[in-house]
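Take a look at the structure below.
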Amino acid sequence: MNDTGNTRPETFGRLRGDEIDWSKAALAMELVSPNEASGLRILAAQYFQAVEVRSLRFPPGNVLLQLPVQQWINQNMFCEDTVWPLPPLNYRTRVLKMILSTIEESFTDPEEDEILDDLMTTWGILISRPKLSPLEQTQQLSYIKYKPPVLLGSKHDESVITLENRGLILAAGTTGFRTWEAALHLGTFLSTQTGKEFITGKKVLELGAGTGLVSMYCSKSLGASRVIATDREPALIANIQECVSWNKLNSKKITASIWEWGTPLECPDNVQDNGQCVSIDTALGADLVAFESPPEEAQDGFFHSTSIPILTYKVISPRTTRLD
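Residue numbering for the sequence shown follows this note's numbering, beginning at 1433 and increasing consecutively.
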């Protein structure tokens, strides 16, 4: 897999939320209703997750017609000077085309209705750039940002950044380069009060971590004391280690390690006590074996419906387990 797009900016440090001049975007948000603002945040969360365009929850045309709304969309979703990470170029182009089409279809007064100049400038930039071929798109890794829906109204950035290919299909040796539905569903469960009890203050091991979303979420937002993300693929471990840095996680509390099942786990130094690997309180695994994905109507946004059952096992003794 090649990282051919959505490259890291040389000055990413200056793009932290507390260092950006959000005055235009903040003013734009103040000029729309609370319901409209909530809808925009949901759209943005889905967009940065690179949800399939046909499944995005676009605001209605009469909302998109408002210039403050268009200003917010341009500043918060497409502005390359202030926003990182951005979804792949082809995806951004498709999303903005849909937004512009919806606005144009909603025109009722040619003298009054208009599209923001900044938004049209952004469109011109996107369509002028060379696009990747379908084959190149399947090989491209991009930084994808996931945000838990319960935190959409929060002023704190609890999003998790991964490096993956959201358009990846099943293929030998590449499945770990995408966050699949089971990991999103598991993340939803862990966000509940019941799920948090498995994580908060606990030492957590993830099997087949893939992109590392679940492990990083446990470390960043759910209060795990230590997290070990494991996978058999060295490239995936390297990606997770890189994303630990981009998510500003404490490397003493989360680590990524290669683990070939059937062989002893080699614990890094930061997850050892007196030379021995720390005992694990909770082991997590998503899509360790193949199951049919839940229906699309049960897959809503960053995380998924908690109505889909999750199997949990509790170790009662070294030789006994119980299915809950």
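We treat Cβ as the ideally placed atom computed from N, Cα and C, and that holds for glycine. The model shown is predicted, which means the values in this text are computed figures rather than measured ones.
Integer Cβ distance of residue i from residue j, believed to fall under 8 Å
| i | j | result |
| --- | --- | --- |
| residue 1472 | residue 1490 | That belief does not hold up - the Cβ atoms of residue 1472 and residue 1490 are roughly 10 Å apart, past 8 Å. |
| residue 1694 | residue 1663 | With a Cβ gap of about 14 Å, residue 1694 and residue 1663 do not count as contacting. |
| residue 1674 | residue 1595 | 7 Å |
| residue 1631 | residue 1654 | 4 Å |
| residue 1526 | residue 1485 | 5 Å |
| residue 1626 | residue 1600 | Not really, about 31 Å apart at Cβ, beyond 8 Å. |
| residue 1608 | residue 1665 | 5 Å |
| residue 1375 | residue 1661 | The first residue shown for the chain is 1433 and the last is 1756, placing residue 1375 beyond what the model contains. |
| residue 1496 | residue 1538 | 7 Å |
| residue 1515 | residue 1464 | Contact flag wrong, Cβ pair sits at about 19 Å. |
| residue 1635 | residue 1658 | 5 Å |
CA-to-CA distance, residue j to residue i, given in whole angstroms
| i | j | result |
| --- | --- | --- |
| residue 1684 | residue 1652 | 13 Å |
| residue 1544 | residue 1479 | 29 Å |
| residue 1614 | residue 1719 | 6 Å |
| residue 1629 | residue 1668 | 28 Å |
| residue 1529 | residue 1713 | 48 Å |
| residue 1678 | residue 1494 | 37 Å |
| residue 1656 | residue 1649 | 9 Å |
| residue 1453 | residue 1711 | Residue placement at residue 1453 is flagged as unreliable, the pLDDT there being 42, under the threshold of 50; a coordinate-derived value is accordingly withheld. |
| residue 1716 | residue 1462 | 42 Å |
| residue 1534 | residue 1481 | 21 Å |
| residue 1642 | residue 1611 | 7 Å |
| residue 1469 | residue 1498 | 12 Å |
| residue 1633 | residue 1558 | 45 Å |
| residue 1554 | residue 1638 | 40 Å |
| residue 1686 | residue 1568 | 32 Å |
| residue 1467 | residue 1509 | 19 Å |
| residue 1513 | residue 1556 | 16 Å |
| residue 1644 | residue 1592 | 10 Å |
| residue 1590 | residue 1597 | 21 Å |
| residue 1566 | residue 1483 | 18 Å |
| residue 1690 | residue 1572 | 23 Å |
| residue 1541 | residue 1564 | 38 Å |
| residue 1449 | residue 1511 | Any answer about residue 1449 is weak, because its pLDDT of 35 lies below 50 and its placement is not dependable; what the coordinates show is given next. So the alpha carbons of these two residues sit roughly 14 Å apart. |
| residue 1682 | residue 1616 | 23 Å |
| residue 1676 | residue 1709 | 21 Å |
| residue 1560 | residue 1531 | 18 Å |
DSSP three-state assignment for residue i, whether helix, strand or coil
| i | result |
| --- | --- |
| residue 1641 | coil |
| residue 1525 | helix |
| residue 1481 | coil |
| residue 1497 | coil |
| residue 1628 | helix |
| residue 1665 | coil |
| residue 1611 | coil |
| residue 1600 | coil |
| residue 1635 | strand |
| residue 1486 | helix |
| residue 1654 | coil |
| residue 1595 | strand |
| residue 1659 | strand |
| residue 1465 | coil |
| residue 1720 | coil |
Interface flag, residue i vs chain C, CB-CB below 8 Å
| i | result |
| --- | --- |
| residue 1495 | Among the chains in the structure shown there is no chain C, since it carries only a single protein chain. |
Check your understanding: Between the region 1617-1636 and the region 1691-1698, are three or more C-beta pairs nearer than 8 Å?
Key -> no
Check your understanding: Are there three or more Cβ pairs, one per stretch, closer than 8 Å when the region 1548-1561 is compared with the region 1503-1523?
Key -> yes
Review point. Can you give, in chain order, each stretch of the beta strand (DSSP E) that sits fully within the region 1675-1718 and has at least 3 residues?
Key: 1686-1690, 1714-1717
**Study point:** Three CB pairs or more closer than 8 Å across the region 1515-1528 and the region 1567-1578
**Key:** yes
Review point. What runs of the alpha helix (DSSP H), each 4 residues or longer, lie entirely inside the region 1507-1586?
Key: 1521-1537, 1549-1560, 1566-1571
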